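Student: Can you read through this structure? Questions will come right after.
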């Protein structure tokens, strides 16, 4: 193609389009990520209502605000704004330059005639024009900037246009190539403005190119790679995770976990420079002073004191001392120290998550339980072995001690709240104890806390009557949210405790997919998961949504049998509009593989809420695994064999290697049941095609 | 032929040199850093005190006046070294599976695994060394030294746990005395003034005594679990 010619984008008509596309590719997804509803629980979850402000409440609020600001993705929002303005600019450029593009050659426009004109009209019009514009007839008018040539070419244009509309050959040219002269030469445009390739600019272009490819790209890739390398799966620095692994011991106590958490490298960021040492003596003397309820104000046991004193000075020792000060709610009498005290808690909480994962990998029960207890302690600012009553507003260690008397065990919140009202009042209100209004505040909070009371825990295999070895067992935990001190709790409805299987042909439900609202079905809104209220933790500087961990342990071996399943939402509302508990029966379900041998397995079922102390449940459950052959016999007695052409029948054929015997005609024992069965049978046949399709896809 | 514009080629060549040069420097620096890092990894275990004691006893220069180290002391030192080795082996064995699963999941870092493997290798060498030393000190002692060391290690662990529990007796006793006294005085008070609010008090009293019953139970449970563990 000799006519090929590279033309650069002199008028700048393609370059803006190019930039617009590139910027759009980046900006539009980014806009979505900025505008999408935040996953932060603090934004959507309800809160426990209380006007209680703890000591240093202003500091807590300040840090919460700082945290929120950090979460606001300012950088991203800024980028989005810049992106959109660039796109708008480019859009404007496109609009402006589009007008300078030469128009498509249109003979009608040149002749200034309507497109509906007939051939005769065109001819007469052309004759008029040629009389007017023929170079022989017209004089160039210098005022209009006309020369002989321009007049000439104008007339040629007119003639061309006329011929395009009348002459057969030229008309064909026009139709095929868009021009009466026939094929025009190709021009290939490059969407680069001319200034890039003009002489003298080359070195700048190379400079920009080198900066992009040689500096920026490696920098971004490197920072991304090392960023992912630096963080562990639990979102703590990998070095901290390594340290925590080294600190793990079989019989680790909660105090020792606090000590282990202080190895976190994250603290170095908070306690930078001179902060690493300043005020350490003060903090230590405060936490080691005699406390109201324990030997030390920080709630340290003797061993923990020993460990603290064995440490060399520096960040770790200060972090540990601050942690104990936080747990013991020790007033440090210094704004900077108090601030640091509140800052270390969320860090320690994150580190504790990593420690929990590590102890889970070891599999011993005791450290896992200690880790969960530490999470609760950190959330509520209560030292290990501290009273659960400290979770209520206004209750200090001294008051908790006075309420509990000299008992060695602590009153849990639910025990405290189930004391007779008059007796509880007498215990709590008095000089040196709570005032009347403080007591009311405390009780009001207690009546709102979501305590999950487990009513029943059992195992089943969906759609089967017996649990056979290695089958996929569902662990079903049924419980109700009963805040401490609730009155008029209704009795458990036995029907609620049962777990009804979805219909056999309802594949969505069997596979745990979210159910689409089928026509004529009313409960579409009911299936939306309900968020529990944010943890009531006035000292913790982050919004946190409580989680429930359900797991099974083997008490004989002291090992975890089924690792924890974590639930952040529940299936039914916990409170009604007026804030009263609904006592709805909640279902927590988790699936795991049954043991490969038949037998009775006794497990301990733990249901632990990671935000409140003393709300844990521990109960014995037995998993009965029947022999496969035994279960089959029993099945044959009860239910008829599945039809050969149904899904269940095919599954059976796959399992046993032979098709099931043709279905026996069942004698109608009870009218309604037989009717129902025939109904479902038809449906099974109907849907069998689609069913097999879906199973093929998997 | 000589019309090549050499100046025009300076830029591309400079570019190539810079590119290749920077890549090479990066790779060599990176390798060096990795090597230095893995060489400087902190050892898994602290210094082996018992091993050091044994070695210094073994290589004690027989001074003119002091008598040579008696064999029984050497044996004891070696046995202590073996006990410490057993402790470390148990630690490594229990941590191995956890460490590898955590590494796969990305919960811990790669250098921890390297440290761990190095410790494992060191322990293997250490065991071989101990067996050889034992064989040198007594015929075929190498075959049994770790069995006895294992027994000793388990016994010591058990004993420390037991001591921990028995050390609490004094404290517990004291508390019970105090508690008894307070309950007694409360009852006396109650008898003295038959106040109308006594029913409420009684309920409260029953709650606290319930607690105490639970406490005794859990304490004995905890004790038995600990004992079981100790026996393992």
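Chains as they are written, first to last, in the numbering used here: chain A, 2 to 699; chain B, 7 to 238.
Ideal Cβ placement from N, Cα and C applies to all residues, glycine included.
Just so it is clear, the structure is predicted and the values come from calculations on it, not from any experiment.
Would you say residue 18/A lies against chain B (beta-carbon separation less than 9 Å)?
Tutor: no
Student: Find out if the Cβ-Cβ distance for the pair residue 357/A, residue 237/A is shorter than 9 Å.
Tutor: no
Student: Do you know offhand how far residue 56/A's Cα is from residue 249/A's?
Tutor: 34 Å
Student: Do you know whose CA, among 325/A, 349/A, 590/A, 274/A, lies nearest residue 286/A's CA?
Tutor: 325/A
Student: Short check: CB of residue 84/B to CB of residue 157/B, under 9 Å?
Tutor: no
Student: For chain A, check one thing: does any of its Cβ atoms lie closer than 9 Å to the Cβ of residue 24/B?
Tutor: yes
Student: Tell me, please, which residues DSSP counts as bridged to residue 77/A.
Tutor: Its beta-bridge partners do not exist; DSSP assigns none.
Student: Going along chain A, which residues have a C-beta under 8 Å from residue 247/B?
Tutor: There is no way to answer for residue 247/B, as the model of chain B reaches only from 7 to 238.
Student: Count the other CB atoms, across all protein chains shown, that sit within 10 Å of the CB of residue 491/A; report buried if there are 16 or more and exposed otherwise.
Tutor: exposed
Student: What does the Cβ neighbour count give for residue 549/A, buried or exposed, with the cut at 16 atoms within 10 Å?
Tutor: buried
Student: Going along the chain, which residues of the stretch 186-198 of chain B sit with their C-beta nearer than 8 Å to a C-beta in chain D?
Tutor: Absence of chain D from the displayed structure is noted, the protein chains being A and B.
Student: Exposed or buried, which one is residue 216/A when buried takes at least 16 other CB atoms within 10 Å?
Tutor: exposed
Student: Can you tell which of 163/B, 116/B, 22/B has its C-alpha closest to the C-alpha of residue 93/B?
Tutor: 163/B
Student: So, does the CB of residue 317/A fall closer than 9 Å to a CB anywhere in chain B?
Tutor: no
Student: Assuming residue 531/A and residue 575/A are in contact, meaning their beta carbons sit under 8 Å apart, how far apart are those beta carbons, in whole angstroms?
Tutor: 6 Å
Student: Out of 129/A, 260/A, 275/A, 222/A, which one is the CA nearest neighbour of residue 312/A?
Tutor: 260/A
Student: Got a sec? Which residues, its chain only, sit under 6 Å from residue 461/A by beta carbon, not counting five neighbours each side?
Tutor: 475
Student: Would residue 117/B pass as an interface residue toward chain A - the criterion being a Cβ-Cβ separation below 9 Å?
Tutor: yes
Student: In whole angstroms, what is the alpha-carbon distance linking residue 107/A and residue 145/A?
Tutor: 24 Å
Student: Contact criterion: CB-CB distance below 9 Å. Does residue 628/A meet it with respect to chain B?
Tutor: no
Student: Using 8 Å for Cβ pairs, my map puts residue 412/A next to residue 405/A. What's the rounded Cβ distance?
Tutor: 5 Å
Student: Along chain A, in chain order, which residues have C-beta atoms closer than 8 Å to that of residue 21/B?
Tutor: 207, 211
Student: Please classify residue 240/A as buried or exposed, where buried requires at least 16 neighbouring CB atoms within 10 angstroms.
Tutor: buried
Student: Could you tell me the distance, in whole angstroms, from the CA atom of residue 194/A to the CA atom of residue 98/A?
Tutor: 13 Å
Student: Residue 666/A to residue 466/A, Cα distance in whole Å?
Tutor: A caution first: residue 666/A carries a pLDDT of 41, below 50, which makes its placement in the model too unreliable to give a value.
Student: Cα-Cα, which of 163/A, 243/A, 452/A is closest to residue 586/A?
Tutor: 452/A
Student: Name the two residues that bound the continuous beta strand (DSSP E) containing residue 475/A.
Tutor: 473-482
Student: At which residues does the beta strand (DSSP E) containing residue 607/A begin and terminate?
Tutor: Element bounds for residue 607/A: 600-610.
Student: Could you check whether the Cβ of residue 355/A sits closer than 9 Å to any Cβ belonging to chain B?
Tutor: yes
Student: Go ahead and pull the three-state DSSP assignment for residue 98/A.
Tutor: The DSSP-derived three-state label of residue 98/A is helix.
Student: Starting from residue 589/A, trace the beta strand (DSSP E) in both directions and tell me its first and last residue.
Tutor: Annotation: the continuous beta strand (DSSP E) that includes residue 589/A extends over 586-594.
Student: Go through its chain and collect everything with a Cβ distance to residue 470/A's Cβ below 7 Å, but skip five positions before and after it.
Tutor: 595, 596, 597, 598, 599, 626, 629
Student: Mapping the DSSP letters down to three states, classify residue 562/A as helix, strand or coil.
Tutor: strand
Student: Can the beta-carbon of residue 700/A be found less than 9 Å from the beta-carbon of residue 94/A?
Tutor: Any answer about residue 700/A is impossible in this case: the structure gives chain A only from 2 up to 699.
Student: Answer yes or no: does any C-beta atom of chain B fall closer than 9 Å to that of residue 251/A?
Tutor: yes
Student: Find the residues of chain A that neighbour residue 184/B, judging by a C-beta separation of less than 8 Å, and give them in chain order.
Tutor: 407
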